[in-house]
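See below for the structure under consideration.
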Amino acid sequence: MKTLKLFLSTAVLGTLAMGCTQEAEKPSEPKTLRQAYQDAFYIGTALNRFQIEESDSVMAEIVGKEFSSITAENMMKSMHIHPKRDTFNFEMADKFVALGEKYDMFVHGHTLVWHSQLSPWFGTIEDSLEFADATEKHIKDIASKYKGKIDSWDVVNEALNEDGSLRNSIFLQKMGEDYLASAFKWAAEADNGADLYYNDYNMTNPEKRQGAIAMVKNILDQGVKVDGIGMQGHWHLNSPSLEEIEQSILDYSALGVKVAITELDVSVLPNPWDLEGAEISQNFENSEGMNPYKDGLPDSIQVKLANRYKDIFSLFLKHKDKISRVTFWGVSDGQSWLNGFPIRGRTNYPLLFDRDLKPKAAYDSIMALKERFDEQQLAN
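FYI, the numbering for the sequence shown is 15 to 394, going by my numbering.
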């Protein structure tokens with residue numbers, strides 16, 4: 015009897031061992047961006063209305079698997095969400111928030127105060143006090159509706175000129191520079207649990223950087239909550255330099271706030287010499303020289319793009335203790351706003367997924383980078 019039990023036990027153990035061996039030999043599912051970077055920072059993407067509605071099943075799978083954070087590319091800007099003074103359109107914003115809940119994502123709201131894509135009715139208000147009251151109501155109505163559902167907000171977007179001075183926007187004209195602190199104060203009163211960000215482009219430029227630091231410090235010194243600074247990453251193959259990006263991360267973090275890399279894309283196309291950052295009102299004439307890759311991206315440029323992303327993400331990983339979120343401005347090349355900015359009709363390739371929704375060499379480069387980073391961490 016003991017012999018039989020021993021035989022059965024040995025057989026069972028052998029079967030289990032074989033099962034474990036077979037299980038170990040099974041090819042594991044490749045990691046996604048979301049999985050690879052989950053211990054570093056949120057990896058996000060901006061979504062258009064078709065992606066929010068999950069019209070394309072392949073695109074929907076990419077969004078759900080690859081990203082841990084989402085931003086509405088356009089649908090929460092005032093002209094869409096608050097088209098008339100007494101009319102809100104929350105349909106797409108509700109779907110956007112529901113999508114984030116579906117995939118257990120960090121949900122970022124963009125944007126509460128911005129001079130561009132502003133609902134026209136703001137411009138019809140002549141009285142300054144009435145304008146301030148309308149702005150307060152706009153911020154509070156939207157932020158309070160999504161209290162506990164939206165994790166962070168771009169409260170004020172693009173309020174600075176390139177020299178670091180305040181942009182002469184309708185908000186500055188009607189309310190003076192106090193509109194900045196007021197906007198953050200009102201957002202905090204509506205939802206104190208959400209992280210509140212200032213967001214802008216060309217934030218690596220020294221003059222603009224100093225202006226942003228002075229502005230945010232002034233708001234903080236008034237006892238008003240600012241949780242972070244969003245550095246828009248509308249960058250190029252050769253600029254800004256890694257040194258400028260790193261110095262900016264360090265300087266913003268020194269304020270005691272979080273740093274988010276927002277709107278990240280890397281243009282591979284030449285731009286007009288007098289292009290001013292991501293100011294969307296700019297438009298230049300198309301030409302063959304300005305649209306060199308309309309029939310496809312050469313392998314040599316694919317390699318340059320992959321190396322550029324690898325170098326940028328090496329820097330992000332170095333400072334992952336300071337960076338809260340890295341958000342790509344779109345999912346695939348075909349969706350990117352850079353196909354039409356600053357020259358309409360161009361073909362650009364700035365993101366990690368191509369027009370067929372396949373991962374590019376740039377995707378592989380930052381995945382391999384994170385794997386090496388993790389191995390080095392274990393070795394140390």
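Glycine residues also receive a C-beta, built at the ideal position from the N, C-alpha and C atoms. Because the structure is a prediction, the values reported are computed rather than measured.
Tell me the DSSP secondary structure of residue i in three-state form.
| i | result |
| --- | --- |
| GLU211 | A small fix is needed here, since residue 211 is Tyr in this sequence, not Glu. Correct three-state label for TYR211: strand. |
| GLN390 | helix |
| GLN261 | helix |
| TRP128 | coil |
| VAL3 | The chain is shown from 15 up to 394; residue 3 falls before or after that span and cannot be answered. |
| LYS231 | helix |
| LYS98 | strand |
| LYS384 | helix |
| HIS152 | helix |
| ILE326 | helix |
| ILE398 | A query on residue 398 cannot be resolved here, the shown segment of the chain reaching from 15 to 394 and no further. |
| SER142 | helix |
Mind checking who residue i pairs with in its DSSP beta bridge?
| i | result |
| --- | --- |
| THR85 | ALA60 and HIS122 |
| LEU339 | The sequence shown places Arg at residue 339, not Leu. BP columns for ARG339 point to TYR56 and ALA274. |
| PRO373 | PHE367 |
| LEU174 | LEU180 |
Is residue i buried or exposed, if buried means 16 or more other CB atoms sit within 10 Å of its CB?
| i | result |
| --- | --- |
| THR138 | exposed |
| GLU385 | exposed |
| GLY207 | exposed |
| ASN303 | With the sequence shown as reference, residue 303 is identified as Gly, and Asn is not the correct amino acid for it. It is exposed - the Cβ of GLY303 has fewer than 16 other Cβ atoms within 10 Å. |
| VAL72 | exposed |
| ARG360 | buried |
| LEU283 | buried |
| ARG339 | buried |
| LEU210 | buried |
| PHE120 | buried |
| GLY162 | exposed |
| ALA25 | Because the pLDDT at ALA25 is just 42, under 50, the model does not fix this residue reliably, and the point stays unresolved. |
| GLU87 | buried |
Go to residue i, then tell me how far its beta strand (DSSP E) extends in each direction, as first and last residue.
| i | result |
| --- | --- |
| TRP167 | 166–171 |
If we call anything under 8 Å between Cβ atoms a contact, is residue i one with residue j?
| i | j | result |
| --- | --- | --- |
| LYS14 | ILE380 | As displayed, the chain neither begins before 15 nor continues past 394, which places residue 14 out of reach and without an answer. |
| ASN171 | ASN219 | no |
| PHE336 | VAL280 | Before going further, note that residue 336 is Lys rather than Phe in the sequence given. Not closer than 8 Å, so no. |
| HIS124 | GLY58 | no |
| GLN131 | GLY178 | no |
| LEU278 | TRP200 | no |
| ILE84 | PHE367 | no |
| GLY270 | ASP168 | no |
| LEU174 | LYS222 | yes |
| ILE153 | VAL127 | yes |
| ALA204 | GLN236 | no |
For residue i, report the span of its alpha helix (DSSP H) as first-last.
| i | result |
| --- | --- |
| GLY359 | GLY359 -> no alpha helix (DSSP H), and no H or E assigned at all. |
| GLY162 | Per DSSP, GLY162 belongs to no alpha helix (DSSP H) and is neither H nor E. |
| GLY114 | 105–116 |
| ALA268 | Run containing ALA268: none; DSSP gives neither H nor E here. |
| GLU203 | 192–204 |
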